[in-house]
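Residue numbers (this note's numbering), protein chains in the order written: chain A, 85 to 604; chain B, 811 to 1121.
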């Protein structure tokens, strides 16, 4: 760990947090956090999900009040009563989950983040000015729901910049961006830093922090672990501070024993129900027994629609679009597909994968009633509770009692249950979406290992994920989905991160045109 | 042919205006409420309370103005109960709204029991010299009571407020995404309370119109489902004020048409004709949800969701 003094600049800190503590009931979300933010510095706040990063940031922006400790702005003690006061001081914020209004236009969205005295015409001119200066193109009169994720983030950034903030806080800004969009963002952040602004950059991505940030403060379990210069640390040492120990490496299956195709998607096209949905456009892919096929892509490019078509939540036009173990299942219901030995784990844990207010055993019944949990139409209670016990044992699910409500479990534990519920049955095909989204590193490793083991037992596993690192780690081949079209899969061993990034951003799959796109 | 007679046509148009005005008044208020993200199903209850209190006020003081004020206050008081429960205590909005309607229907019957059978002087028509005497359109455009003009001014005012003022923008923003609006520092609950009370005032005014101008007497349950039609109208209008006017007059027209059709002796069961406005409501709602896919949903995204700020 680097000496913190070495990284400190001589200037007066812009914002100082001293002994900031936040309690939720008896849970300590932030435990005496100290942090100094200096002008012209990019300061990373690094930590896992649940480490207390967001809680801290909310206090720095006046959204919630600390129970103890104080904030100092330019050396003077300050109580931030609300976001308006934070903005008046010169603190801007770009949220992780965008705080945008879908049915309002870009300009209206920006206007809402500014003091009421600003006339509307001046705001539109201001948007144009900021767009030009920092290279953030935006159309002020478009409604937000028509925009891509990258464009939405631009609105947030422009909105923050219009108030000429001295400190800009960004909460996990790259989690929704393609690598190329992230690169553009870094250019903008560098130029903001050059103008003398302070930036607090919240992330759990080590590479980004090493590349971009001057200082890093690492949180773990609500406590500050260290402040260091990330450029003088290795990714490994940062990860150790963040996680508090070595993360178990996932062992890849041998992968050579790849069998015959068990899940075949053939020329699948589908018009979405929802006007904001994505149209699946001639999707074809084969997953063979014993392999894991990853589907990468930025959110909202047809992943949900593809999952619905595979699981049977929406039926295809023709039988042959989806073939499970040689059986044309395109017009089969979800239960019929499950009887063929397939299982499906959707992205949303609460509300889609589970009914929140039902117990785990009832939830087990929900996805497995078609495959041996009922007897002459009556529920076999013993069998349902057995699934819970088995999953608990196999995946080390932490819960307060034997059979609690689904909503009472933490995200990681519930995800382990949702995956375990399906995997503990002998499966031919598993389709899983975002298997480790918002799950802590320990649980993520367990789930990934389970997927690899399942494939090693001969099942075909299709993993839809926005986490490229995850797919590179566990998948044998990776295909990229973009606006409803699926690229042909490439071997993950030889996959080039930049190539995948370009595919995720919609550049052509042909290598020649791709190099063209890079040159342009 | 009686239908072609201009006087007869004028009479029909006049009665359409009269039938449409309470719908427009109540729906305008509910539109603002729903734009703020609150679903108040208690319009019928607020309206009938407005009707009984307006009648009582006018009967006891002999003044239409006092009666109108009493009707508006009754609507506001009912809305305040709703606001306290759903905004203050985050109770389920659908259940509370339904309870408010049942409560209002019952309480209005109790208050109104002593007034049934009495008559008051109906609200006067505001005749303008010369203009009102114009042939045909004179009585239609310039011979109405203050409620009719008020309803049109109200809708224009709401449009201007929602689309041309900053508080209107904030109100729409709160209805679209209350979490973000809160994060930006806007007072979600107090703005919503304001909207709900305004909706109550409009419903109370609509009720006052029923008992002061539409029919100058009170009977229990005299709103006869108009509160529900007003709710459907807001959806019909896709939460836009201009479409609300079209919708209100369309429904008012259907209501009147069935009366005249019965009068003309059409060979259709009268029960079916009486059911026509309600059937039309159902048909329109179904048609809208079928075609909504093309235009994209205009519903405020936070509609009906409770908001509890984290502290």
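Glycine is no exception: its CB is placed at the ideal position from the N, C-alpha and C atoms.
For the pair residue 1095/B and residue 1045/B, the CB atoms are nearer than the 8 Å cut-off. Residue pairing for residue 994/B: DSSP places it in no beta bridge. The contact set of residue 187/A on chain B, defined by CB atoms closer than 8 Å, consists of 982, 986, 1108, 1110 and 1111 in chain order.
The C-alpha of residue 155/A is placed about 11 Å away from the C-alpha of residue 170/A. Of all residues in the region 988-1001 of chain B, only 989, 990, 991, 992, 993, 994, 995 and 996 place a beta-carbon less than 9 Å from a beta-carbon of chain A. With respect to chain A, the C-beta atom of residue 979/B has a partner C-beta closer than 8 Å.
Straight through space, the alpha carbons of residue 470/A and residue 550/A are spaced by roughly 33 Å. Residue 179/A reaches chain B at 990 and 993, counting residues in chain order whose Cβ is nearer than 9 Å.
A residue is called buried once 16 or more other Cβ atoms fall within 10 Å of its Cβ, and residue 949/B is buried on that count.
Rounded to whole angstroms, the gap between the alpha carbons of residue 855/B and residue 835/B is 15 Å.
Against chain B, a Cβ distance below 7 Å from residue 197/A picks out 994. Using a Cβ-Cβ cut-off of 8 Å, residue 1050/B does not count as an interface residue toward chain A, since no Cβ of chain A sits closer than that to its own.
For the region 548-598 of chain A, the continuous beta strand (DSSP E) assignments of 3+ residues that do not extend past its boundaries occur at 561-566, in sequence order. For the region 1048-1075 of chain B, the set of residues with a beta-carbon nearer than 9 Å to any beta-carbon of chain A is empty. Per DSSP, residue 106/A lies in no alpha helix (DSSP H); the unbroken beta strand (DSSP E) holding it starts and ends at 99-108. Sorting 559/A, 399/A, 407/A and 431/A by C-alpha distance to the C-alpha of residue 417/A places 399/A at the top. In the structure shown, residue 447/A adopts helical secondary structure according to DSSP, grouped into three states.
Counting only residues of its own chain and dropping the five nearest sequence neighbours on each side, residue 495/A has a CB closer than 7 Å to the CB of 433, 522 and 523.
According to DSSP, residue 345/A shares a beta bridge with 372/A. Residue 187/A places its beta carbon less than 8 Å from that of residue 229/A.
Per DSSP, the beta bridge partners of residue 459/A are 462/A.
Secondary structure at residue 885/B: helix, using DSSP grouped into helix, strand and coil. Residue state for residue 1062/B is assigned as helix, using DSSP reduced to three classes.
Residue-level contact by beta carbon fails for residue 223/A and chain B, as no gap is shorter than 8 Å. By the rule that beta-carbons nearer than 8 Å mark a contact, residue 321/A does not touch chain B. Residue contact with chain A for residue 976/B: present (Cβ-Cβ distance below 8 Å to some residue of chain A). In this chain, the beta strand (DSSP E) harbouring residue 153/A covers 152-157. The continuous alpha helix (DSSP H) containing residue 857/B extends over residues 853-871. Between the alpha carbons of residue 1071/B and residue 947/B lies a gap of roughly 23 Å. For residue 838/B, the enclosing alpha helix (DSSP H) starts and ends at 816-845.
The beta carbons of residue 301/A and residue 313/A sit about 11 Å from each other, so the pair does not count as a contact at 8 Å.
Your pair residue 842/B and residue 968/B checks out as a contact, with CB atoms roughly 6 Å apart and the cut at 8 Å. For the region 230-242 of chain A, the beta-carbon criterion of a distance under 8 Å to any beta-carbon of chain B is satisfied by none of its residues. Between residue 928/B and residue 840/B, the CB-CB gap reaches or exceeds 8 Å. Between residue 461/A and residue 393/A, the alpha-carbon positions lie close to 28 Å from each other. With respect to the 8 Å criterion, residue 888/B and residue 852/B are classified as neighbours on the basis of their beta carbons.
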